[in-house]
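Peer 1: Residue numbers (the working numbering): 390 to 686.
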Ligand SMILES: [Zn+2]
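(1) Anyone know if the C-beta pair for residue 427 and residue 457 falls short of 9 Å?
(2) For residue 535 versus residue 482, is the C-beta distance shorter than 9 Å?
(3) So, for residue 499: in the same chain, excluding its five sequence neighbours on each side, which residues have a beta-carbon less than 7 Å away from its beta-carbon?
(4) Assuming residue 487 and residue 412 are in contact, meaning their beta carbons sit under 8 Å apart, how far apart are those beta carbons, in whole angstroms?
(5) Under a Cβ-count criterion, where at least 16 other Cβ atoms within 10 Å of its own Cβ denotes burial, should residue 409 be classed as buried or exposed?
(6) Can you check the stretch 462-533 for any alpha helix (DSSP H) of at least 4 residues that lies completely inside it and give the ranges in chain order?
(7) For residue 397, I'd like the list of residues in its chain whose CB is within less than 8 Å of its CB, leaving aside the five on either flank, ordered along the chain.
(8) Assuming contact is defined by CB atoms lying nearer than 9 Å, are residue 594 and residue 618 in contact in what I supplied?
(9) Tell me, to the nearest whole angstrom, how far the beta carbon of residue 515 is from that of residue 571; I am working on the premise that it is less than 8 Å.
(10) Measuring only the C-alpha atoms, how far is residue 680 from residue 564?
(11) Which partner residues of residue 445 appear in the DSSP bridge assignment?
(12) Tell me whether residue 406, by its Cβ, gets closer than 8 Å to a heavy atom of ligand 1.
(13) Between residue 631 and ligand 1, is the CB less than 8 Å from at least one heavy atom?
(14) Three or more beta-carbon pairs under 8 Å between the stretch 614-630 and the stretch 535-555, yes or no?
(15) Would you kindly check if the distance between the Cβ of residue 414 and the Cβ of residue 453 is under 9 Å?
(16) Strictly closer than 5 Å from CB to any heavy atom of ligand 1: give me those residues in the order they appear in the chain.
(17) Over what stretch of residues does the alpha helix (DSSP H) that includes residue 617 continue unbroken?
(18) Report the option in 628, 600 and 589 whose CA atom is closest to the CA atom of residue 693.
(19) Would you identify the three-state DSSP class for residue 656, choosing helix, strand or coil?
(20) Pick helix, strand or coil for residue 585, following the three-state DSSP scheme.
(21) Taking 9 Å as the cut-off, decide whether the C-beta atoms of residue 625 and residue 533 are in contact.
(22) Check the C-beta distance from residue 463 over to residue 469 and give it rounded, since I have them as a contact under 8 Å.
(23) Quick one: what's got a C-beta closer than 6 Å to residue 503's C-beta in the same chain, skipping five residues either side?
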C-alpha cells in the first residue's frame, strides 16, 4: 500500500510553515523595494541601514517578522523606533503565501480549473504522486499576489511604467503557456477550453484576462490598479477578475464613507485578490451555475 500523508497534520503544517517563511522573506525584499525604488536607490547593492543613525542592519536583526519582535521595534545602536509597518508587510506576505499553499498544495489542486475534477488527494498529490504542478501554481499565484502587494504599497509614490508592467506580466504568460494546467479557465463563462489545444487556450485566456484587467483597472482609483488587475487576469482569467474588481470597488467605497473621504491605511485589493484565489473554485462554480441558469432560460 502506498504511503499517505493526506490529513496528516505534520506534513500539512510543515508545508504551510515553509510557505509562510518564503512569503515573509519575499515580504522583507518588498519592504526594501517600496522604500528604495521611489528614492532612486538600487535594490540589489548596499546593505539595509537604520534611517536614523545609518548603521548597517545585522543579518540576524533582518530576519522577517522575528528580527523586529526581538529588537522590540528599536534600532540596536541608536534606539530609534522602527515602523511596525515592516514586520506587518512581512507577516502579510507570509500569510498570503501560506493561504495559497493551503488552497492549492494542501488542497491537492482542487481550486485549479484543470486539476479540480479528480478525486481529492490533498498533500498526497504532491508528496506521494509527485505532481509538481501544485508547486508551480503556488509559485505563480503567490508571485502575482506579491506583485499586487508591491504595486499597492508603492501606490502614489511610484506609478508602474508600461515597460515595468510588461516585464512583470511576461513571466506570468510564459508560466501559463508552459504549464497550461495551472493557467486560467477557458474563455466562455463556463470556462470550457477554447481552442482545444491546452497551450493555445491558456494563451488566449491569459490575453483576455490582461485586456479586461487593463480596461477595468483604468476605471479604478489606485495608480497601479491597471497593472495589478492585468497581471491577475493573465494568471486567473477574466471570470474571477471581474468578481475581484467589483468586490474591491465596493469595499473601497464603504471605506471612503467610514473614513470620510480619507483613503484607508490598508488597500483591500491584495486581500480581495488573495481571497479570490483561495476561493477560485467556488467562484467559477457560481459563475457556471448562473450562466447555465441564464442560458437555460
Ligand atoms: Zn539606528
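Beta carbons: idealized from backbone N, C-alpha and C, even for Gly. Just so it is clear, the structure is predicted and the values come from calculations on it, not from any experiment.
Peer 2: If we stick to the structure as given:
(1) no
(2) yes
(3) By the criterion of a C-beta distance shorter than 7 Å, residue 499 is surrounded in its chain by 505, 509 and 670, once the five residues flanking it on both sides are discounted.
(4) 7 Å
(5) buried
(6) Within the stretch 462-533, the complete alpha helix (DSSP H) runs of at least 4 residues fall at 474-490 and 513-516.
(7) 512
(8) no
(9) No, residue 515 and residue 571 are not in contact; Cβ-Cβ is about 13 Å, not under 8 Å.
(10) 29 Å
(11) 438
(12) no
(13) no
(14) yes
(15) yes
(16) 439, 441, 442, 464, 466, 467 and 469
(17) Counting along the chain, the alpha helix (DSSP H) containing residue 617 begins and ends at 614-625.
(18) Residue 693 is absent from the structure shown; the chain starts at 390 and stops at 686.
(19) coil
(20) coil
(21) Yes, the pair counts as a contact, with Cβ atoms nearer than the cut-off.
(22) Confirmed, about 7 Å.
(23) 570
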